[in-house]
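> When we follow the working numbering, the leftmost residue of the first sequence carries the number 5, and every step to the right adds one.
No residue lacks a Cβ here, since even glycine has one placed at the ideal position from N, Cα and C.
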Amino acid sequence: MTHVLDVLEERGFIEAKTHEQELADWLAEQPRSCYIGFDPTASSLHIGSLVPIMALAHMQRCGHRPIALVGGGTGLVGDPSGKTEMRQILTAETVGANAEALKAQLARFIDFSADRALLVNNADWLVSLGYIPFLRDIGRHFSVNRMIKAESYRMRLESDEGLSFIEFNYMLLQAYDFLKLVDRYDCHLQMGGSDQWGNIVAGIDLVRKMRQKTAFGVTFPLITTASGAKMGKTAAGAVWLDAARTSAYAYYQYWVNCDDADLVRFLALYTFLPMEEIRRIAGLHDADLNLAKTVLAFETTQIVHGRQAAIEALDAAGSMFGRRSLPQDLLPSSTIPRTGGQGAGESVPTTELGADLFTEGLPFFKLMQITGLSNSGGAARRLIRQGGAYLNGERVTVDEKIITLADFAEEELLLRAGKKHFHRVRLTKG
RNA sequence: GGUGGGGUUCCCGAGCGGUCAAAGGGAACAGACUGUAAAUCUGUCGGCGAUGCCUUCGGAGGUUCAAAUCCUCCCCCCACCA
Numbered sequence: 005m006t007h008v009l010d011v012l013e014e015r016g017f018i019e020a021k022t023h024e025q026e027l028a029d030w031l032a033e034q035p036r037s038c039y040i041g042f043d044p045t046a047s048s049l050h051i052g053s054l055v056p057i058m059a060l061a062h063m064q065r066c067g068h069r070p071i072a073l074v075g076g077g078t079g080l081v082g083d084p085s086g087k088t089e090m091r092q093i094l095t096a097e098t099v100g101a102n103a104e105a106l107k108a109q110l111a112r113f114i115d116f117s118a119d120r121a122l123l124v125n126n127a128d129w130l131v132s133l134g135y136i137p138f139l140r141d142i143g144r145h146f147s148v149n150r151m152i153k154a155e156s157y158r159m160r161l162e163s164d165e166g167l168s169f170i171e172f173n174y175m176l177l178q179a180y181d182f183l184k185l186v187d188r189y190d191c192h193l194q195m196g197g198s199d200q201w202g203n204i205v206a207g208i209d210l211v212r213k214m215r216q217k218t219a220f221g222v223t224f225p226l227i228t229t230a231s232g233a234k235m236g237k238t239a240a241g242a243v244w245l246d247a248a249r250t251s252a253y254a255y256y257q258y259w260v261n262c263d264d265a266d267l268v269r270f271l272a273l274y275t276f277l278p279m280e281e282i283r284r285i286a287g288l289h290d291a292d293l294n295l296a297k298t299v300l301a302f303e304t305t306q307i308v309h310g311r312q313a314a315i316e317a318l319d320a321a322g323s324m325f326g327r328r329s330l331p332q333d334l335l336p337s338s339t340i341p342r343t344g345g346q347g348a349g350e351s352v353p354t355t356e357l358g359a360d361l362f363t364e365g366l367p368f369f370k371l372m373q374i375t376g377l378s379n380s381g382g383a384a385r386r387l388i389r390q391g392g393a394y395l396n397g398e399r400v401t402v403d404e405k406i407i408t409l410a411d412f413a414e415e416e417l418l419l420r421a422g423k424k425h426f427h428r429v430r431l432t433k434g
């Protein structure tokens, strides 16, 4: 079986690891358990969490048992790592509900059946902790002198914001989690983002001190786009994995619009396509890169939203931006449909409006506002005046232009804002 | 608890009685150029069925013809001291 460390290394997942040789041997010996913690701060994961999720998926594909740890308990405290300001503290109910939602999303990537993977919640052991016993048993193993040298704490100690005591304890709790995972699931490997290094190492130390056992840590690099932005941050907010928050079409578009310079890296990190095929992409130029971006978008959309939604997004994009067929030898392992397509599927955002609105007629800018293509009437007027608004493919430059039933073809009409934002309006009776 | 400095439109940050919907930068959006990329240049960037009207400068009052700017009280943040 392929060694999972080789896979992760080759695909760009690894920033740092502890006990390099020992870890490799340990993983090669037999199937192992490994875990990654996920914050239940929102009811959906977003693209920023994709790297850890894919890492767990690779673990499973290589025969190991991934454990997703939902921070139901630590979520009540707040991790200062990588944050420049104090996090909002959530209620237990919210955290619990979010944890449930996260499992459903993780199930897209990881097979939880028959205990091939586990989802555990650290609220199970953290919430009932007694303060004095915890301080006595766990706290005594931690040196404050050392803790304040950790990057995550130092950053906050030096900031104006300061570091609250509750957050200062976060490292102990996460270390305690690791200890629990060792005890309960024989899980000796924790992975996480590079900002988790300090917390992971604290856990490894605690396991050694209290159990005289070896534990391992692996961290992932912080993935940023070529322009330096964090993954998944757009003007509209985060790109979520939940279709109700970010539609499959929008999700697909996020990937198609990635920077040229990111393409190969992203294919390696965010798809399961073989590396030898991905490496060949590096030779592509100009417009051909867009074809490879299509594959990237299709593959990752398929993983998150399913094949049907991915095909619809592909078709919708094809009908609006034009479609070129994909050569068979471009990333041949991809199951993307290489030709054809059925026009704009259902993935294009659609608003249904009553026909009566258009008997009198509606000003064009108002329609742009109603459909959400513009945030306000003023924004709609600006857009139109600047030549960025289209009705059925034709640029409209008069913001007061009255739209009537005559503008509809087969009860439908297609609006466009700028180059990329399409919206369909469909008539309803009444 | 004491002393000092602050809270401005998405973010940073000017403004310190009228010329302020508020400089400048960033982000964002549109146009040109392109490949649904990047870079660059140009324009826009509170709301309104709109050459005018309405609501903004931590909150509530007050002074004034006029307040982001002055006064009072309150809330929050920061620094130093304790």
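Can residue 317 and residue 274 be called in contact, C-beta distance under 8 Å?
no
> For the stretch 31-63, which segments carrying the beta strand (DSSP E) assignment without a break, of at least 3 residues, lie completely within its bounds, in sequence order?
Taking only runs of at least 3 residues, the beta strand (DSSP E) segments lying wholly in the stretch 31-63 are 37-42.
> Of the residues 324, 379, 419, which one's Cα is nearest the Cα of residue 368?
419
> Please specify which runs of the alpha helix (DSSP H), each continuous and at least 4 residues long, are wholly inside the stretch 156-240, giving them in chain order.
169-172, 174-189, 201-215
> Indicate the three-state DSSP secondary structure (helix, strand or coil) for residue 278 in the structure shown.
coil
> In the DSSP assignment, find the unbroken beta strand (DSSP E) run with residue 71 in it and report its ends.
69-74
> Contact between the stretch 97-111 and the stretch 42-57: three or more CB pairs below 8 Å?
yes
> Flag this pair as touching only if the stretch 250-268 and the stretch 298-318 have three or more C-beta atom pairs under 8 Å; answer yes or no.
yes
> Considering just the uninterrupted stretch of the beta strand (DSSP E) at residue 2, what are its terminal residues?
This structure leaves residue 2 out entirely; the chain is present only between 5 and 434.
> Could you check where the beta strand (DSSP E) with residue 427 kicks off and where it finishes?
That run of the beta strand (DSSP E) goes 425-432.
> Closer than 8 Å is the cut-off here; do at least three beta carbon pairs connect the stretch 64-71 with the stretch 115-129?
With the cut-off at 8 Å, the stretch 64-71 and the stretch 115-129 touch.
> Would residue 78 pass as a contact of residue 110 if the rule is Cβ separation under 8 Å?
no
> Answer with buried or exposed for residue 188, where buried requires no fewer than 16 other C-beta atoms within 10 angstroms of its C-beta.
exposed
> How big is the Cα-Cα spacing for residue 174 and residue 161?
15 Å
> Kindly indicate which three-state DSSP category residue 407 falls into: helix, strand or coil?
Of the three classes helix, strand and coil, the one that applies to residue 407 here is strand, per DSSP.
> Could you give the distance in angstroms between the alpha-carbon of residue 436 and the alpha-carbon of residue 103?
With the chain covering only 5 through 434, there is no way to say anything about residue 436.
> I think residue 56 touches residue 195, with their Cβ atoms under 8 Å apart; what is that distance to the nearest whole Å?
7 Å
> Measure the Cβ-Cβ separation of residue 185 and residue 222 and say whether it is below 8 Å.
no
> Quick one: using the 10 Å Cβ neighbour count with 16 as the cut-off for buried, is residue 180 buried or exposed?
buried
> Using the rule of at least 16 other Cβ atoms within 10 Å of the residue's Cβ for burial, across every protein chain shown, is residue 297 buried or exposed?
buried
> Taking its Cβ as the centre, do 16 or more other Cβ atoms sit within 10 Å of residue 120, making it buried, or is it exposed?
With fewer than 16 Cβ atoms within 10 Å of its Cβ, residue 120 is classed as exposed.
> When you compare each of 303, 218, 353 to residue 249 by their alpha carbons, which one comes out closest?
353
> Along the chain, which unbroken stretches of the alpha helix (DSSP H) at least 4 residues long are found entirely within the stretch 285-341?
290-309, 311-325
> Counting C-beta neighbours from all protein chains within 10 Å, is the total for residue 413 16 or more, i.e. buried, or is it exposed?
Residue 413 comes out exposed.
> What does the alpha-carbon distance come out to for the pair residue 1 and residue 403?
Because residue 1 is not part of the residues shown, which for the chain are 5 to 434, the question remains open.
> Secondary structure at residue 126, three-state DSSP: helix, strand or coil?
Three-state result, residue 126: coil.
> By alpha-carbon positions, which one of 30, 263, 218, 167 ends up nearest to residue 232?
263
> Taking a contact to mean a Cβ-Cβ separation below 8 Å, would you say residue 243 touches residue 425 in this structure?
no
> Using the three-state DSSP reduction, which class does residue 421 fall into: helix, strand or coil?
strand
> Only counting the same chain, and skipping five residues up and downstream in sequence, which positions put a Cβ closer than 8 Å to that of residue 26?
218, 220
> Output the boundary residues of the beta strand (DSSP E) element that contains residue 393.
393-395
> Going by Cα to Cα distance, which pick from 268, 301, 300, 30 is closest to residue 285?
The shortest C-alpha separation from residue 285 is found at 268.
> Just checking, does the stretch 68-76 make contact with the stretch 30-41 on the three C-beta pairs under 8 Å criterion?
yes
> Can you tell me the Cα-Cα spacing of residue 88 and residue 158, whole angstroms?
Low local confidence applies: a pLDDT of 46 at residue 88 is under 50, so the model's placement there is unreliable, with the coordinate-based value given in what follows. Approximately 11 Å between the Cα atoms of the pair.
> What number of angstroms, rounded off, separates the C-alpha of residue 24 from the C-alpha of residue 208?
14 Å
> Please name the residue or residues paired with residue 107 in a DSSP beta bridge.
According to DSSP, residue 107 bridges with nothing at all.
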